[in-house]
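A short worksheet on the structure shown next.
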Amino acid sequence: MTAETLDRVRAICMKLPEVTERVSHGAPSWFIGKSPQFANFTVNHHGVGWIAIWVAAPPGAQEAMVESEPDTFFVPPYFGYRGWVGMRLDEQTDWDEVVEVLEDAWRAVAPEKLTTEL
Numbered sequence: 257m258t259a260e261t262l263d264r265v266r267a268i269c270m271k272l273p274e275v276t277e278r279v280s281h282g283a284p285s286w287f288i289g290k291s292p293q294f295a296n297f298t299v300n301h302h303g304v305g306w307i308a309i310w311v312a313a314p315p316g317a318q319e320a321m322v323e324s325e326p327d328t329f330f331v332p333p334y335f336g337y338r339g340w341v342g343m344r345l346d347e348q349t350d351w352d353e354v355v356e357v358l359e360d361a362w363r364a365v366a367p368e369k370l371t372t373e374l
């Protein structure tokens, strides 16, 4: 499941304007050009036992998402203080929701001139 899940996340991210992928802190990560980063992919980070994405989020979204779906969304370590949100990916993953979350993450950090392209 890990390789297939990564491939699906990668395909979603790479369809967004000017996205690049590189490893950051040992994990596949996606950026707009060279910077800023808007998402990364984690597997069993610190032994939590799940696959997840950590994504940039618009102001106020982190708290709302975690409160509304605590089994899916969480505050990720290291990035949480910046308002990022984690999303668990498993067999019941709603991939339409993953697309929305990744597009919102991209929009949260994209320069205004690029947001018209999405």
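When you read off a place in the sequence shown, starting at 1, and then add 256, the result is the number in this note's numbering. We treat Cβ as the ideally placed atom computed from N, Cα and C, and that holds for glycine.
Helix, strand or coil, according to DSSP, for residue i in the structure here?
i	result
Gln318	helix
Glu274	coil
Ser324	helix
Gly342	strand
Trp306	coil
Thr298	strand
Val265	helix
Ala259	helix
Ala361	helix
Val331	coil
Taking all protein chains shown into account, do 16 or more other C-beta atoms lie within 10 angstroms of the C-beta of residue i, making it buried, or fewer, making it exposed?
i	result
Asn300	exposed
Pro315	exposed
Thr372	exposed
Met321	buried
Look at residue i and residue j and say whether their C-beta atoms are less than 9 angstroms apart.
i	j	result
Gln318	Trp286	no
Gly342	Ile309	yes
Ala267	Ala312	no
Arg264	Val331	no
Pick from the options: whose alpha carbon is nearest that of residue i?
i	options	result
Glu368	Ala320, Pro273, Tyr337, Phe335	Pro273
Thr258	Gly336, Ala267, Ala364, Phe297	Phe297
His302	Tyr337, Pro333, Arg363, Thr372	Pro333
Asp350	Pro284, Phe329, Ala364	Phe329
Val365	Phe294, Glu347, Pro284, Glu325	Phe294
Arg203	Tyr337, Arg338, Leu358	Nothing about residue 203 can be reported from this structure: the residues present for the chain run from 257 to 374 only.
Suppose the cutoff is 6 angstroms on Cβ atoms and the five residues either side in sequence are ignored; what does the same chain contact list for residue i look like?
i	result
Thr276	Phe287
Report yes if the C-beta of residue i is less than 8 angstroms from at least one heavy atom of the ligand COA; otherwise report no.
i	result
His302	Looking for the ligand COA in the displayed structure turns up nothing, as the structure carries no ligands at all.
Who are the near neighbours of residue i in its chain, counting only those whose CB is closer than 8 angstroms to its CB and skipping five residues on each side?
i	result
Val279	Ser285
Lys290	Thr276
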